[in-house]
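What follows is a set of notes on a single structure, which appears directly below.
In the working numbering, the protein residues as written are 109 to 531.
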């Protein structure tokens with residue numbers, strides 16, 4: 109995207125982007141002020157502007173609240189897929205409807221929960237009597253986000269955050285550990301005292317429960333006709349590109365060479381990032397070895413049937429570490445990715461597995477019968493303090509139930525000692 113620079117070398121977005129930001133902000137402020145004429149209601153809203161259905165933390169919390177607090181009123185606020193369609197008029201009307209509904213729910217919900225960047229939440233200061241929680245979709249800090257990428261090609265810029273500060277108005281942020289909170293506090297430009305690590309990350313509940321794991325594993329094997337007796341390698345790369353709209357998948361792994369080296373001993377499940385529209389070509393001779401599972405909605409469930417995971421820069425490594433299974437990193441474009449996005453910590457020394465830049469070396473490692481799990485266990489211990497299959501239920505009882513009863517959440521805040529919240 110073309111940009112201009114001021115005399116101080118600050119990157120200034122193009123006029124059309126500045127106009128869009130100002131217009132959307134003014135529109136939302138007007139909508140929210142109108143919506144605030146209505147009273148606050150005892151309801152919980154689960155919101156995403158990037159998904160057409162609930163998933164991850166939002167889904168796990170939603171189901172836990174419905175199970176643990178059946179009388180609670182739950183509302184789902186998702187941007188419909190046709191809002192991104194090609195018809196400008198239809199897209200515009202759909203966006204306006206979504207913005208108005210969002211303004212209304214933000215103004216009237218006792219509890220508003222997101223798990224990603226959510227622009228409408230930052231437009232006006234939180235209304236008294238409402239409580240917004242960020243349950244960020246990664247279980248730990250890996251790729252830089254928010255204020256930590258203002259100097260990178262990915263993300264926003266100084267001009268935009270001066271006009272409209274991002275990641276504001278969170279009353280609480282869930283985090284996997286106190287060390288994670290330090291990184292996210294910088295990325296969100298907010299104090300560590302608003303972070304909570306004592307609940308855990310709800311989406312990690314997917315990695316527990318023997319009966320559930322066995323059932324899901326059998327369903328996935330049947331759905332994709334995964335042969336029994338073969339090792340399952342999950343290949344889950346993240347996307348490349350400076351924006352969500354320009355997301356592409358990496359093309360640097362030689363799947364044919366991988367298939368030849370493993371020689372029928374394994375199958376490769378290819379799970380591409382949801383932002384990517386164009387898939388890897390796994391037709392022809394690769395059939396029978398590589399299986400495209402990108403249509404499967406929950407990567408955590410795919411992890412359950414895999415024996416090994418290969419990724420590059422995906423935050424899925426945090427959940428996979430809970431299984432204490434080996435993982436490897438295929439990162440031939442590491443230098444370019446560091447320039448475009450970068451990491452919260454040193455990738456070369458911090459990831460819980462070997463790093464490869466050539467397919468042949470990765471294939472040899474995958475073919476080995478045994479792998480060292482010590483780095484995986486150390487990684488899990490460092491970044492995830494609590495993971496036991498009950499994080500969603502804890503959120504329901506310690507956050508949702510008190511708020512709906514007119515009390516403050518009963519949690520331990522990072523940076524505030526171990527006392528319960530006083531709101």
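Even glycine gets a Cβ: it sits at the ideal position worked out from N, Cα and C.
Inter-residue Cα distance where the pair is residue i and residue j
i	j	result
residue 119	residue 480	45 Å
residue 385	residue 402	10 Å
residue 522	residue 303	5 Å
residue 253	residue 246	11 Å
residue 116	residue 270	Low confidence applies here, because residue 116 scores a pLDDT of 43, under 50, leaving its location unreliable; read the following figure in that light. So the alpha carbons of these two residues sit roughly 15 Å apart.
residue 191	residue 382	With a pLDDT of 49 at residue 191, under the threshold of 50, the modelled position of this residue cannot be trusted, and the question is left open.
residue 328	residue 320	12 Å
residue 524	residue 367	52 Å
residue 125	residue 330	47 Å
residue 475	residue 438	15 Å
residue 373	residue 398	12 Å
residue 290	residue 229	22 Å
residue 501	residue 121	43 Å
residue 326	residue 408	15 Å
residue 345	residue 141	42 Å
residue 123	residue 356	26 Å
residue 294	residue 424	21 Å
residue 323	residue 430	19 Å
residue 298	residue 505	25 Å
residue 471	residue 517	49 Å
residue 168	residue 260	33 Å
residue 249	residue 391	35 Å
For residue i, the nearest candidate out of the options (CA to CA)
i	options	result
residue 427	410, 223, 263 and 199	410
residue 445	139, 347 and 405	347
residue 152	375, 266, 219 and 370	219
residue 201	187, 422 and 355	187
residue 183	171, 229, 154 and 172	154
residue 451	363, 242, 319 and 420	420
residue 241	225, 248, 250 and 249	225
residue 507	520, 497 and 440	520
residue 207	448, 138 and 266	138
residue 174	503, 227 and 518	503
residue 462	441, 436, 487 and 447	436
Cβ of residue i within 8 Å of any chain D Cβ
i	result
residue 389	Absent from the structure is chain D; it holds one protein chain and no more.
Buried/exposed call for residue i, threshold 16 Cβ in 10 Å
i	result
residue 127	exposed
residue 380	buried
residue 131	exposed
residue 395	exposed
residue 232	buried
residue 114	Since pLDDT at residue 114 reaches only 42, below the 50 mark, its modelled position is unreliable, and the value read off the structure follows with that caveat. Residue 114 comes out exposed.
residue 90	Because the chain spans 109 through 531 in this model, residue 90 falls outside it and cannot be assessed.
residue 532	Since the first residue of the chain shown is 109 and the last is 531, residue 532 is not available in this structure.
residue 416	buried
residue 388	buried
residue 238	buried
residue 273	exposed
residue 198	exposed
residue 243	buried
residue 281	buried
residue 195	exposed
residue 482	exposed
Cβ shell of residue i (< 6 Å), same chain only, five flanking positions each side left out
i	result
residue 365	467
residue 414	340 and 342
residue 296	254 and 275
residue 143	211, 212 and 215
residue 301	521, 523 and 524
Close-in-space but distant-in-sequence residues of the same chain around residue i (CB under 7 Å, 5 per side omitted)
i	result
residue 499	307, 308, 309, 310, 312 and 313
residue 146	215 and 216
residue 485	432
Close beta carbons around residue i, own chain, < 8 Å, minus the five adjacent residues each side
i	result
residue 258	264, 265, 266 and 269
- Taking one C-beta from the segment 451–462 and one from the segment 339–350 each time, how about it: are there three or more such pairs within less than 8 Å? no
- Item | Three-pair Cβ contact test at 8 Å for the segment 505–522 versus the segment 167–180 | yes
- Inter-stretch contact at 8 Å, needing at least 3 Cβ pairs: the segment 484–498 / the segment 156–169: no
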